[in-house]
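K.L.:
Before I ask anything, let me first share the structure, which is written out below as structure tokens.
Residue numbers (the working numbering): 162 to 304.
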């Protein structure tokens, strides 16, 4: 499948390049003379530098918001499925279960059943490895 996608992308990209080349040639948009200076003589500040700085400031702001999301209540209505690791809304969770006073939210009844089987065998599956619990793992700590 990967090789097939690679072949399709390469074919489409090559066809698009040839189409642009012949279209520009037919319309006379290909320059006859090329500029003598290809590389700039030095570094200059221009509008792209200002746009780069603005983008960096925006990225720094987004990173700061990510690091401080708890302070602003981000993720308060969400929980992580302990079986598959999927993030789900607490109010729309298809299945929930209480173990030792802790409430667990699940993305599906299948994940809840996996947790029930794991609790009976005292093994707790690792998130992202549904159904492959190690037999001697400890249950999650109480919060």
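Glycine residues also receive a C-beta, built at the ideal position from the N, C-alpha and C atoms.
Whole angstroms are fine: how far does the CA of residue 248 sit from the CA of residue 279?
P.N.:
Within the chain shown, numbered from 1, the residue matching residue 279 stands at position 118. Within the chain shown, numbered from 1, the residue matching residue 248 stands at position 87. Cα-Cα distance, rounded: 20 Å.
K.L.:
Counting along the chain, where does the beta strand (DSSP E) carrying residue 250 start and finish?
P.N.:
As a first step, residue 250 must be located in the chain shown, where it is residue number 89. Looking at the DSSP string, the run of the beta strand (DSSP E) that includes residue 250 is 248 to 250.
K.L.:
Going by DSSP in three states, residue 242 sits in which element: helix, strand or coil?
P.N.:
The sequence position of residue 242 within the chain shown is 81, counting from 1. In this structure, residue 242 counts as coil in the three-state DSSP scheme.
K.L.:
Taking 9 Å as the threshold (C-beta atoms), are residue 268 and residue 255 in contact?
P.N.:
Here residue 255 refers to the residue found at position 94 of the chain shown. Here residue 268 refers to the residue found at position 107 of the chain shown. Yes, these two residues count as a Cβ contact at 9 Å.
K.L.:
With DSSP run on the structure shown, which of helix, strand or coil describes residue 268?
P.N.:
Taking the first residue of the chain shown as position 1, residue 268 is located at position 107. Reduced to three states, the DSSP call for residue 268 is coil.
K.L.:
Using the three-state DSSP reduction, which class does residue 214 fall into: helix, strand or coil?
P.N.:
Stepping through the chain shown from its first residue, residue 214 is reached at position 53. DSSP places residue 214 in helix when its eight states are reduced to three.
K.L.:
On the CB-based measure, 16 or more other CB atoms within 10 Å of its CB, does residue 213 come out buried or exposed?
P.N.:
As a position in the chain shown, residue 213 is number 52, starting the count at 1. Classification of residue 213: exposed, given that the 10 Å Cβ count is below 16.
K.L.:
Exposed or buried, residue 242, counting other C-beta atoms within 10 Å across all chains shown (16 or more means buried)?
P.N.:
Locating residue 242 in the chain shown gives position 81, counting from the first residue. Flag for residue 242 reads buried.
K.L.:
Please tell me whether residue 235 and residue 223 are closer than 9 Å, where the distance is taken between their beta carbons.
P.N.:
Start at 1 with the first residue of the chain shown, and residue 235 comes out as number 74. Start at 1 with the first residue of the chain shown, and residue 223 comes out as number 62. Contact flag unset, no.
K.L.:
Does the beta carbon of residue 165 fall short of 8 Å from some heavy atom of the ligand FAD?
P.N.:
Looking for the ligand FAD in the displayed structure turns up nothing, as the structure carries no ligands at all.
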